[in-house]
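Heads up: the sequence lines are chains A and B, in that order. Here the numbering used here is used: the first residue of the first sequence is 1, the next is one more, and so on. Here the numbering used here is used: the first residue of the second sequence is 1001, the next is one more, and so on. No residue lacks a Cβ here, since even glycine has one placed at the ideal position from N, Cα and C. Beneath this line is the structure, given in structure tokens, with notes to follow.
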Amino acid sequence: MTSAYASVGGLGADEPRARFLDLVAAEWIKLRSLRSTWIAYGATAPAVIAFNAGTAYDTYSHWPERGAAERADFVRAGIPLQEAFTANAAMVMMLALGAIGALVILGEYSTGTIRTTFAAVPDRRSVMAAKTVVVTAVTSVFGSIVAGVSFVLTQTILDGRGAGVPISHPGALRVVVASALLAPVCAVVGMAIGSVVRHTSATMIASVAVILVLPLVFSDGRHWSAVAGHATIYQAWLRLVDLGSPRTDFPWTTGGAWAVYAVWALAAAVLAVTSAQRRDQ
Amino acid sequence: MVPVIEVNELTKRYGSTTAVKDLTFTVRPGQVTGFLGPNGAGKSTTLRMILGLHEPTSGTVTVDGRSFADRPRGLRHVGSLLDAHDVHGGRSAEAQLSALARSNRIPQRRVEEVLREVGLAEVARRRIGGFSLGMKQRLGIASALLGEPPVLLFDEPLNGLDPEGVKWVRDLFRRLAAEGRTVFVSSHLMSEMEHTADQLIVIGRGELIAAESLAEFSARGTRPSVTVGTPAAAVLRGLLTAEGAVVGTAGDLLAVTGATAVRIGEIAMEHRIPLHHLSTRSASLEEAFMELTADSVQYLAGDPT
């Protein structure tokens, strides 16, 4: 098509093909150029690691009080791996990453940057997909580092009493991977909630409700309640790090728990990618 | 010249509020077109619909024959500055522009070029949060220029700029238009457009009031008034009123509309009335604008309703 102003400008005349990779690179520039990003990750990592290392150190310092039988049973009962990533640490990481994920998109909505973004790239779905990719990648690296460091640190502390286990120990890798993946799953869920709700305080409340309250509401008492509970991220993580036989009337497989992770992540990604499409910005 | 921006029977309602109603106009290349209207007239809403950020309730808007929202990337087609505050204060100007450039496959050298062009090269690495409104306006203009687009939209770009900045922006707009680009600039102040725009689109309460050249606009709706100074004011007033003129007072002087200075001089001479002062003043563009939009001002100071 010939325009009346075809001769204008040096860039518009031969526009290169739009590439998704450029959007990912742009989102990465945006993420890394915010000091608050680094502060959030920098504050969360030591907090989570400290929860785990603290528990291991507690075991270490109270070790002399344990009886011989108890000491012998320590590794067989799977306690070293329980201390590799504790429930408290998991909860802290889930809440923090939910907030961090939400802030990636809320930072754009609350400042109005979203309009600048969408005016530059009218293909909103691709922008949101690129954001999702960057958040998933960064938080996966973050989760791996935190879970990895926690494992090494806790087992090193326990080794001081001869009670640590190596990563080759049965189930050890599963604990580390399941804990690491909490980061990207919760970050994408937080981002999805932020994309739909678009207001900071409401998003934070919704995010805490989904991550913290839901798994506590559904107990294992009745079948429907147990199934609903199993569908929450936290209970899926509990199932994955529980290496003994689960003490429940309604047992479920680790495959089911991995599937819960996958469904949350995928559903959240779809929600985040499609949320901006038909709404006024 | 083919119109580049075509707005056709555009309507936008938010709930029961109608922000824009049956708006139709075109914007042509090679000119600066001013988009004028009082606060709340629907200017920003219209600009957002041009950019595909807001979906029209009915009607269409195209840029170069296409809906802007259908383009995968926008910066090489339309550069825009909607609100200078639409940036994250935690980022540096350089990071903000680099991300925008990268998303549109615009070479990084353009970032340095536009930063120099708008005079922000020195502060490129400082956080935007510390910028004054004028600096943010310059940054927004830099973003708009990034893709060397043929169409540029600016929403109230002169807010917060110092006199030097205002002159710079005016010269920039004139230069962009001279290069054959389409420059569409909104404002709620006629005085800002007076030395900038070639064409005007005037709206009030979401409806089109005028779409014409600056010269046509200044000719319409302006009734010249004649200021008369005389010691026999009461006598002259009676004579002029008898002639069908409307006579008001302006301080010690009479303000006459409906009679030319020539006619007033003749009447005074016929009746041997001395005149100390006789001058014609035509209404300014600002007054023409105020007169034209008086019925459509949404938030009127001292409005009893």
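Rounded to the nearest whole angstrom, the CA to CA distance from Ala-1019(B) to Tyr-109(A) is 22 angstroms.
Contact between the segment 141 to 157 of chain A and the segment 167 to 176 of chain A is present: three or more C-beta pairs spanning the two stretches fall below 8 angstroms. For a cut-off of 8 angstroms, the C-beta gap from Thr-1182(B) to Pro-1231(B) is around 57 angstroms, too long to register as a contact. The residues Leu-97, Thr-139, Phe-142, Gly-143, in chain order, have a CB closer than 6 angstroms to that of Ala-183(A) in the same chain once the five nearest residues on each side in sequence are set aside. Counted as a single uninterrupted DSSP element, the stretch harbouring Glu-1207(B) is not any alpha helix (DSSP H) but the beta strand (DSSP E) occupying residues 1207 to 1213. Along the segment 1029 to 1051 of chain B, the positions whose C-beta sits under 7 angstroms from a C-beta of chain A are Pro-1029, Leu-1051, read in chain order. Among the CB atoms of chain B, none fall inside 8 angstroms of the CB of Lys-131(A). Residue pairing from DSSP places Gly-1034(B) in a beta bridge opposite Val-1185(B), Leu-1200(B). Arg-1127(B) is bridged by DSSP to Ser-1092(B). Each of Glu-1266(B), Ile-1267(B), Ala-1245(B) was checked against the Cα of Thr-1257(B), and the nearest Cα belongs to Ala-1245(B). Of all residues in the segment 143 to 177 of chain A, none is placed with a Cβ closer than 7 angstroms to any Cβ belonging to chain B. Ile-29(A) is a Cβ neighbour of Ala-1099(B), given a cutoff of 8 angstroms.
Between the beta-carbon of Ser-1092(B) and that of Ala-120(A) there is about 17 angstroms, and that puts the pair past the 8 angstroms contact cut.
Around Thr-248(A), no beta-carbon contact reaches into chain B at under 7 angstroms, the shortest distance being about 46 angstroms.
Short of 8 angstroms from the beta carbon of Lys-131(A), and not among the five residues preceding or following it, lie these beta carbons of its own chain, in chain order: Glu-27, Val-104, Ile-105, Met-191, Ala-272.
At a cut-off of 8 angstroms between C-beta atoms, Leu-34(A) counts as an interface residue with respect to chain B.
Rounded to whole angstroms, Gly-162(A) and Trp-237(A) show a C-alpha spacing of 27 angstroms.
Looking at the backbone, the Cα of Pro-1274(B) and that of Glu-1286(B) are separated by about 34 angstroms.
Closest by C-alpha distance to Gln-281(A), out of Met-1193(B), Phe-1025(B), Ser-1044(B), is Ser-1044(B). In the three-state scheme derived from DSSP, where H, G and I count as helix and E and B as strand, Leu-1278(B) is classed as strand. When the Cα atoms are used, Arg-1028(B) and Glu-1113(B) turn out to be separated by approximately 27 angstroms. Less than 8 angstroms divides the Cβ of Ser-1058(B) from the Cβ of Glu-1009(B).
With respect to the C-alpha of Phe-250(A), the residue from His-230(A), Arg-279(A), Ile-100(A) having the closest C-alpha is His-230(A). Neighbours of Gly-256(A) in chain B, taken as residues at a C-beta separation under 8 angstroms, are lacking, since the least C-beta distance is about 40 angstroms. A distance below 8 angstroms separates the beta carbons of Ala-1101(B) and Val-1111(B).
Under the Cβ criterion of 8 angstroms, Glu-1112(B) is not counted among the residues facing chain A. For Pro-215(A), the CB contacts under 7 angstroms within the same chain, skipping 5 residues up- and downstream, are Gly-229, Thr-232, Tyr-234, Gln-235 in chain order. In the DSSP assignment, Ser-1080(B) is bridged to Leu-1153(B). About 7 angstroms separates the CB atoms of Ser-1187(B) and Leu-1158(B); that is less than 8 angstroms, so the two are in contact. In this structure, the beta-carbon distance from Gly-1030(B) to Arg-1076(B) does not fall below 8 angstroms.
Your pair Thr-44(A) and Met-93(A) checks out as a contact, with CB atoms roughly 7 angstroms apart and the cut at 8 angstroms. For Gln-281(A), the C-beta contacts it makes with chain B under 8 angstroms involve Arg-1048, Leu-1053, His-1054, in order along the chain. Rounded to the nearest angstrom, the gap between the Cα atoms of Trp-63(A) and Val-165(A) is 16 angstroms. Proximity of Pro-122(A) to chain B, defined by a Cβ-Cβ separation below 8 angstroms, is satisfied. Pairing Leu-1139(B) with Thr-1227(B), the inter-Cα distance amounts to about 47 angstroms.
Per DSSP, the unbroken beta strand (DSSP E) holding Asp-1022(B) starts and ends at 1017 to 1027.
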